[in-house]
């Protein structure tokens, strides 16, 4: 074991044994990433509580050896790690089943009030439990402890923080574990690694100054038994919270179910951004190309590196006067509506279209015509992109499908299109080549027009090549 709690002489012996290969496994804190620690043949690095390791630490890991296998474990992956997993750079597996006899932690976000704190503490102490009071400032933690002791003279209170000596810190933590006192006023030193089943109330002071992942980890220090636990996130009275702080507190209050760490991390990704993947910046942005385009480009590059086929898509514009949207009565929540628009825009084939259609019907009920139209438009656009159609323009008796510049339309497509609908299709090979698609009848409704086009393109793109 290698950490600051080992003496200098002990550390020197361990480091030398690592260098010569006498030691096979070393377990330690950030100390194992120090420059003076050299490994003979490092093969596997396991990082527990990954959110405690900053970007600089991860950059240091890369310098150790290029072929090290890395396994990271965390309840709340940091945005950059989560993003890398979602786009395929890293593999990820999720454990969602909680231990038996666990209850979701009751979470409250309130202004700091001494009388409320007194009530929360007494309620826990009266049922034989203990309390964490998190105050993340070492310089005045003794003052806060004295203040709480004066407020609750019958309650036994101690404080602890990371700047204490090893002996003193160990004595206090063992005393708390043995129920020698009721309330531990502490910094975020308790954030990870503690499993005290008798502590089932946590009060976090100035919670608005902490990160979302950090709040989730702190909340996880309670509720580790079959008792209902309580987490109180407080902020100073009359304080105007920043927009980001408000989002964080709202998220931690909203996601209280067991195993919500992945959702918390997704929300953190949304709030903070993904960060720059190839540098030390934790939360950069991709404003120059836009987030969606950045992800698309990155995904394509990852697939190329893996040796997979990368589909190239044309940007298709559709000029078709038809009602195609998600109506307000059908989906009223803005976040749900935005999510469904994203899902619809990601349709790439008929299977995707049916999946989204089933999901809409399952979640929101009978699908209105405007939504069906939107699904058809999305599907038509996806198929058009595959065969290099850049513009679809509606006319009274036909639809023109314009190819991109310098298309390489093979004879296979011409033959198949003609076999499918005969004289209703015509290829016009001018300076701006296009396909002229005629309707089956003169007076068709808008919905049937787009339906006919969708059916034709489905058959045309099923196994047809453009060159």
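In our numbering, the protein residues as written are 273 to 739.
Heads up, the beta-carbon is just placed ideally off N, CA and C, and yes, glycines get one too.
Rounded straight-line distance, which links the Cα of residue j to that of residue i
i, j, result
"residue 513", "residue 481", "10 Å"
"residue 674", "residue 479", "57 Å"
"residue 313", "residue 283", "19 Å"
"residue 477", "residue 593", "56 Å"
"residue 717", "residue 727", "15 Å"
"residue 722", "residue 641", "12 Å"
"residue 686", "residue 653", "20 Å"
"residue 427", "residue 406", "17 Å"
"residue 404", "residue 611", "38 Å"
"residue 657", "residue 369", "42 Å"
"residue 689", "residue 697", "7 Å"
"residue 292", "residue 382", "55 Å"
"residue 467", "residue 441", "16 Å"
Under the three-state DSSP convention, the category residue i falls into
i, result
"residue 307", "coil"
"residue 711", "coil"
"residue 457", "strand"
"residue 380", "strand"
"residue 293", "coil"
"residue 477", "coil"
"residue 347", "coil"
"residue 634", "helix"
"residue 472", "strand"
"residue 466", "coil"
"residue 663", "strand"
"residue 417", "helix"
"residue 589", "strand"
Beta carbon of residue i nearer than 8 Å to that of residue j
i, j, result
"residue 507", "residue 472", "no"
"residue 629", "residue 622", "no"
"residue 461", "residue 504", "no"
"residue 416", "residue 457", "yes"
"residue 319", "residue 345", "yes"
"residue 486", "residue 347", "no"
"residue 495", "residue 374", "yes"
"residue 659", "residue 733", "yes"
Residue i, buried or exposed, once every other Cβ within 10 Å from all chains shown has been counted against 16
i, result
"residue 607", "exposed"
"residue 380", "exposed"
"residue 626", "exposed"
"residue 435", "exposed"
"residue 422", "exposed"
"residue 647", "buried"
"residue 329", "exposed"
"residue 552", "With a pLDDT of only 43 at residue 552, under 50, the local geometry of the prediction cannot be trusted, and no value is derived from it."
"residue 577", "exposed"
"residue 389", "buried"
"residue 645", "buried"
"residue 637", "exposed"
"residue 600", "exposed"
Opening and closing residue of the beta strand (DSSP E) in which residue i lies
i, result
"residue 671", "670 to 675"
"residue 402", "402 to 406"
"residue 502", "502 to 507"
Residue i CB to nearest heavy atom of the ligand ATP below 7 Å
i, result
"residue 635", "Summarising the ligand content, the structure contains no ligands, and the ligand ATP is consequently not present."
Limits of the alpha helix (DSSP H) - the one that residue i falls within
i, result
"residue 600", "No alpha helix (DSSP H) contains residue 600, which DSSP labels as neither H nor E."
"residue 516", "515 to 526"
"residue 369", "Note, residue 369: premise wrong, no alpha helix (DSSP H); not H, not E."
"residue 274", "Note, residue 274: premise wrong, no alpha helix (DSSP H); not H, not E."
is_contact[residue i, chain D] using C-beta, thresh 8 Å
i, result
"residue 622", "No chain D is present in this structure, which holds just one protein chain."
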